[in-house]
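With our numbering applied, the sequence shown covers 5 to 394.
Even glycine gets a Cβ: it sits at the ideal position worked out from N, Cα and C.
Please read these numbers as outputs of a predicted model, since none were measured by experiment.
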Amino acid sequence: MFVRRSVQSARRLYSSSAGGGERTPEQVVELLRARAAGEPSHVKLSPDVEQELNQEFERAVRDFVANPDLSKDVLRLVERTSAQRPRAVKISSANANNASSRSGNVRQFPNVRRTGGGEPYSAQELYLRQLFHQRNTTRLGASVEDVYRPHEDVFSPPNAHETSISTLLAAGAHLGHSTALLRPSTQPYIYGVRDGIHIIDLDQTLSHLRRAARVAEGIAEKGGLVLYVGTRQGQQRALQLAAKRSHAYYVHSRWVPGTLSNATEISGEWERVEVDMADSPTGRDLSLNLHKTIVKPDLVVVLNPVENRNAIKECTAAKIPTIGIIDTDSEPSLVSYPIPANDDSLRATDLILGVLSNAAKKGRESRLKKFLQYKQQTEQHQSAAQFNQH
Numbered sequence: 005m006f007v008r009r010s011v012q013s014a015r016r017l018y019s020s021s022a023g024g025g026e027r028t029p030e031q032v033v034e035l036l037r038a039r040a041a042g043e044p045s046h047v048k049l050s051p052d053v054e055q056e057l058n059q060e061f062e063r064a065v066r067d068f069v070a071n072p073d074l075s076k077d078v079l080r081l082v083e084r085t086s087a088q089r090p091r092a093v094k095i096s097s098a099n100a101n102n103a104s105s106r107s108g109n110v111r112q113f114p115n116v117r118r119t120g121g122g123e124p125y126s127a128q129e130l131y132l133r134q135l136f137h138q139r140n141t142t143r144l145g146a147s148v149e150d151v152y153r154p155h156e157d158v159f160s161p162p163n164a165h166e167t168s169i170s171t172l173l174a175a176g177a178h179l180g181h182s183t184a185l186l187r188p189s190t191q192p193y194i195y196g197v198r199d200g201i202h203i204i205d206l207d208q209t210l211s212h213l214r215r216a217a218r219v220a221e222g223i224a225e226k227g228g229l230v231l232y233v234g235t236r237q238g239q240q241r242a243l244q245l246a247a248k249r250s251h252a253y254y255v256h257s258r259w260v261p262g263t264l265s266n267a268t269e270i271s272g273e274w275e276r277v278e279v280d281m282a283d284s285p286t287g288r289d290l291s292l293n294l295h296k297t298i299v300k301p302d303l304v305v306v307l308n309p310v311e312n313r314n315a316i317k318e319c320t321a322a323k324i325p326t327i328g329i330i331d332t333d334s335e336p337s338l339v340s341y342p343i344p345a346n347d348d349s350l351r352a353t354d355l356i357l358g359v360l361s362n363a364a365k366k367g368r369e370s371r372l373k374k375f376l377q378y379k380q381q382t383e384q385h386q387s388a389a390q391f392n393q394h
């Protein structure tokens with residue numbers, strides 16, 4: 005740009021004169037030198053270098069003014085240089101943007117301790133790099149859907165109708181025991197053998213699970229007590245949530261022998277409270293005979309029947325129906341409603357327990373709804389009877 009302006013100014017000085025004619029090269033050099041003397045100098049030079057530059061400048065101006073071909077070549081070179089200048093402008097603008105972003109980061113995080121080139125990153129710089137990486141890569145990749153999440157079987161289990169064979173398969177309910185531990189009575193529940201392990205038929209599992217869910221729903225709807233029993237390690241959390249969900253009870257540590265068969269000794273000192281169909285205390289004083297009665301559950305759900313045979317025997321003697329998860333090494337005739345599945349898998353037991361507790365919750369909600377309707381109708385009849393008497 006400076007060269008183009010110098011060429012244009014030299015031509016204008018050469019073509020215009022006071023008398024209307026053309027100036028000589030010596031006059032153009034003197035005019036350019038006089039104009040340059042009026043401008044401030046940005047670079048301080050020694051006298052020898054300045055004199056040498058002035059001589060070269062005078063020779064260039066004389067050649068340019070006297071030779072028209074040279075002036076055309078210079079103008080062509082100036083146009084080519086000006087055409088390439090926007091690229092340099094873009095690069096400089098990009099560098100300016102980077103510099104502005106760096107200055108913006110400095111303003112945003114003024115207390116960050118910056119390390120040198122040969123030093124490792126500080127903890128602050130590593131954290132900022134992690135934030136930058138998350139901000140730029142969080143939305144990359146594919147969106148994964150229909151993923152099995154085992155914790156949902158504990159905190160928000162599905163209903164019996166929402167449970168499918170794929171759900172049971174993902175929980176590992178199809179894996180049985182070794183073929184050497186087979187009980188002949190579990191043969192109807194076996195689908196086949198793979199790598200020396202029996203595979204449980206999940207069609208049978210699903211049908212038996214839905215039947216047991218209907219039983220739990222019906223007992224809870226009629227106001228019965230449901231007891232969950234699971235004494236293996238890792239089942240406590242699922243038992244607590246299932247009992248809280250369906251307003252039931254649970255045993256997670258150990259089944260005390262004689263809890264049902266010798267209840268007068270085991271549970272004779274437990275406090276007894278009478279409740280209505282809405283599970284609210286009636287406040288009525290119980291007689292001595294009612295205090296001595298044995299409170300028994302109306303349904304017992306056993307997650308591991310092999311380790312809790314005492315509980316199953318006591319339930320059978322007390323005529324209490326039982327629901328049990330039957331593996332290929334268990335005896336299905338010991339429980340009232342067997343569910344063929346893998347009792348060694350926590351995912352499978354959590355899923356089955358969640359389905360049964362949801363069914364009991366549904367039955368209890370139905371009972372509360374019916375009781376509320378009955379209570380409203382009773383109040384309406386009483387108010388109508390009092391109105392007719394007056």
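Grab me the residues of residue i's own chain with a C-beta within less than 8 Å of its C-beta, minus the 5 sequence neighbours each way, in chain order.
i    : result
L173 : L206
V306 : V233, G234, N312, A315, I316, T326, I327, G328, I329, V339
I201 : L179, G180, H181, S182, T183
I343 : T209, H212, L213, A216, I327, G328, I329, I330, I356
Y254 : L231, Y232, V233, G234, L243, Q244, A246, A247
T119 : Y125, S126, E129
R241 : V158
So for residue i, helix, strand or coil by DSSP?
i    : result
T286 : coil
G367 : helix
I169 : helix
S337 : helix
P301 : coil
G121 : coil
T332 : coil
I324 : coil
P51  : helix
Y378 : helix
V148 : coil
V260 : coil
V277 : coil
V310 : coil
V255 : strand
Pull up the CB-CB distance for residue i and residue j, whole angstroms please, since I reckon it's below 8 Å.
i    : j    : result
A216 : V230 : Rounded, the Cβ-Cβ distance is 12 Å, inconsistent with contact.
V151 : D354 : With 8 Å as the limit, V151 and D354 do not qualify as a contact, their Cβ atoms being about 17 Å apart.
P309 : S189 : Incorrect: roughly 13 Å between the Cβ atoms, too far for contact.
A282 : F375 : 5 Å
T332 : L130 : The Cβ separation is near 53 Å, so there is no contact.
E221 : K366 : 5 Å
Leaving aside the five residues before and after residue i along the sequence, list all residues of the same chain whose C-beta is less than 7 Å from its C-beta, in chain order.
i    : result
Q128 : V116, R117
A352 : A175, G176, A177, A345, N346
V277 : P285
Would you report the Cα separation of residue i and residue j, rounded to the nearest angstrom?
i    : j    : result
E54  : F61  : 10 Å
L303 : V197 : 34 Å
Q377 : P285 : 19 Å
I204 : P162 : 21 Å
T320 : Q390 : 50 Å
E225 : R249 : 14 Å
V260 : E318 : 11 Å
V279 : H385 : 23 Å
A322 : R153 : 39 Å
R295 : D289 : Checking the sequence shown, residue 295 turns out to be His, not Arg. Near 10 Å, if we compare the C-alpha coordinates of D289 and H295.
K373 : G145 : 48 Å
S291 : K379 : 26 Å
H256 : L132 : 47 Å
I194 : G227 : 36 Å
Q363 : A164 : According to the sequence provided, residue 363 is Ala. The question's Gln does not apply to it. Going by the C-alpha atoms only, they are around 7 Å apart.
I'd like the list of long-range same chain contacts for residue i, defined as Cβ closer than 6 Å, with 5 residues on each side in sequence excluded.
i    : result
L350 : G238
T167 : V359
I223 : D302, L303
T263 : I270
Flag residue i as yes if its beta-carbon sits less than 8 Å from any beta-carbon of chain B, otherwise no.
i    : result
G180 : You won't find chain B in this structure, because it holds only one protein chain.
Quiz item: Which runs of the beta strand (DSSP E) spanning at least 3 residues fall entirely within the segment 159-245, listed in chain order?
Solution: 179-182, 194-198, 201-204, 230-233
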